[in-house]
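Enquirer: Sharing a structure with you now.
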Amino acid sequence: QKDIASQKRFEKALTRTQKQIRVFANVTDTVSAEAAKEEGAEGIGLLRTEFLFKEKQPTLEEQADAYREIFELFDEITVRTLDVGGDKKLPYLSLPHEENPFLGIRGIRLFKTHPQLMEEQLLAIFQAAEGRSVKVMFPMVSSVEEFTEAKTFALQAAQKHNLDISTILFGVMVEVPSVLFLIEEFNKVVDFYSIGSNDLTQYLFAVERTHPSLKVDEHSPVVYDAIKTVVEQATRPVSICGELAADPEAIGKLLKIGIEILSVSPKSIAATKEEIRHV
Ligand code: PEP
Ligand code: MG
330 QKDIASQKRF EKALTRTQKQ IRVFANVTDT VSAEAAKEEG AEGIGLLRTE FLFKEKQPTL
390 EEQADAYREI FELFDEITVR TLDVGGDKKL PYLSLPHEEN PFLGIRGIRL FKTHPQLMEE
450 QLLAIFQAAE GRSVKVMFPM VSSVEEFTEA KTFALQAAQK HNLDISTILF GVMVEVPSVL
510 FLIEEFNKVV DFYSIGSNDL TQYLFAVERT HPSLKVDEHS PVVYDAIKTV VEQATRPVSI
570 CGELAADPEA IGKLLKIGIE ILSVSPKSIA ATKEEIRHV
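Numbering (full-length UniProt numbering), first residue to last: 330 to 608.
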């Protein structure tokens with residue numbers, strides 16, 4: 330089974346009824362992006378950019394070089410702006426002490442606390458894109474205003490530096506439950522949605538994803554209903570990039586709901602494509 334999946338990893342993933350499902354990769358750096366290519370990924374559905382910021386704050390040039398290297402590997406790329414806070418900490422970034430960091434300054438909320446840092450990252454992404462169609466998505470969005478403010482901030486930064494970003498699309502990660510109730514409003518402003526089932530599950534059940542003893546049922550009907558809400562109401566493309574997307578138990582259900590793009594870790598690409606062929 331594993332051998333067959335591996336042999337067919339560069340082939341399309343068609344369901345039994347010949348519906349094509351796109352299988353993209355979640356990558357964390359250049360090495361994993363290269364691995365994703367070798368594993369048969371059709372693009373990058375989630376570029377986690379935190380790797381660049383691990384030890385020290387990268388310069389704009391360092392960032393642009395790193396993004397360019399990855400952008401050159403695939404025609405379709407979705408890059409997520411910095412998602413620190415909560416389970417993702419940076420030693421040099423001064424965030425105030427918080428009693429509940431998972432409910433604190435995370436993801437898109439950094440646009441308010443660290444505008445300079447976010448502007449540099451956006452400029453580096455825009456420079457590296459060089460006319461390519463790149464999708465930029467914001468993590469931890471909980472309201473439409475947060476998204477529109479961040480997008481306006483991005484457009485202004487590009488304008489200030491004379492960068493043409495007509496080929497850049499802007500989207501939102503669906504990982505905070507409030508977004509589930511705002512899809513009709515988001516439809517007016519976003520170009521795409523990407524469901525982050527890891528955080529969405531955490532926030533739906535109020536159970537920390539890294540909690541040592543509390544566990545949630547990631548296959549709860551609640552999670553599938555949440556995903557269904559997005560797919561049914563969205564008028565823009567919807568993908569899913571949480572761990573659920575690579576779970577054999579979930580793939581059939583996700584496709585039945587209407588998901589057409591799955592983004593999974595490089596090592597799961599071949600198996601995910603093979604699973605799709607049996608749905
Ligand atoms: C998610 O939350 O499901 C997700 C894909 O993002 P991360 O795991 O990086 O928070
Ligand atoms: Mg997340």
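Built from N, CA and C at the ideal position, the CB exists for glycine as well.
1. If you follow the beta strand (DSSP E) that K464 is in, where does it begin and where does it stop?
2. Kindly indicate the opening and closing residues of the alpha helix (DSSP H) around I350.
3. Which residues have their C-beta within less than 6 angstroms of a heavy atom of ligand 2, listed in chain order?
4. Who are the near neighbours of A334 in its chain, counting only those whose CB is closer than 6 angstroms to its CB and skipping five residues on each side?
5. Where does the unbroken alpha helix (DSSP H) through Y522 begin, and where does it stop?
6. Can you list the alpha helix (DSSP H) stretches of 4 or more residues lying completely in the region 493-518, in chain order?
7. Starting from L543, follow the beta strand (DSSP E) in both directions and report where the run begins and ends.
8. Alpha carbon to alpha carbon, what distance is there between V519 and L484?
9. Based on DSSP bridge pairs, tell me the residues matched to S568.
10. Out of curiosity, what's the CA-to-CA distance linking P425 and L439?
11. Here's a check: name, in chain order, each residue in its chain whose Cβ is nearer than 6 angstroms to the Cβ of K417, leaving out the five neighbours to either side.
12. Flag R377 as yes when its Cβ comes closer than 8 angstroms to any non-hydrogen atom of ligand 1, and as no otherwise.
13. Does the separation of the CB atoms of I512 and V559 fall below 9 angstroms?
14. Going by alpha carbons, who is nearest to D404 out of Y522, H548, G372 and N491?
15. How about the region 407-415 and the region 378-395: do they share at least three Cβ pairs that are nearer than 8 angstroms?
16. Are the region 524-537 and the region 482-500 in contact at 8 angstroms, needing three or more beta carbon pairs?
17. CA-CA distance, V470 and P506?
18. Counting Cβ pairs closer than 8 angstroms, one from the region 573-588 and one from the region 444-457, do we hit at least three?
19. For A342, which residues does DSSP report across the bridge?
20. Where does the unbroken beta strand (DSSP E) through R377 begin, and where does it stop?
21. On the DSSP letters alone, give me the boundaries of the beta strand (DSSP E) that K406 sits inside.
22. In whole angstroms, what is the alpha-carbon distance linking A563 and S472?
23. To the nearest angstrom, how far is the alpha carbon of P444 from that of G500?
24. Quick one: grab the DSSP three-state call for G460.
25. Between D412 and ligand 1, is the CB less than 8 angstroms from at least one heavy atom?
26. How many Å lie between K331 and S597 at the Cα?
Expert: Taking the definition as stated:
1. V463 to F467
2. First-last for I350: Q349 to V356, but that is the beta strand (DSSP E), not the alpha helix (DSSP H).
3. P468, E504, G525, N527 and D528
4. A599, A600 and E603
5. Looking at the DSSP string, Y522 is not in any alpha helix (DSSP H); the run it does join, the beta strand (DSSP E), is F521 to I524.
6. 512-515
7. L543 -> no beta strand (DSSP E), and no H or E assigned at all.
8. 14 angstroms
9. S523 and I590
10. 12 angstroms
11. E379
12. yes
13. yes
14. G372
15. yes
16. no
17. 10 angstroms
18. no
19. I350
20. I373 to R377
21. The amino acid at residue 406 is misidentified as Lys; the sequence shows Ile. I406 -> beta strand (DSSP E) spans I406 to R409.
22. 16 angstroms
23. 19 angstroms
24. coil
25. yes
26. 11 angstroms
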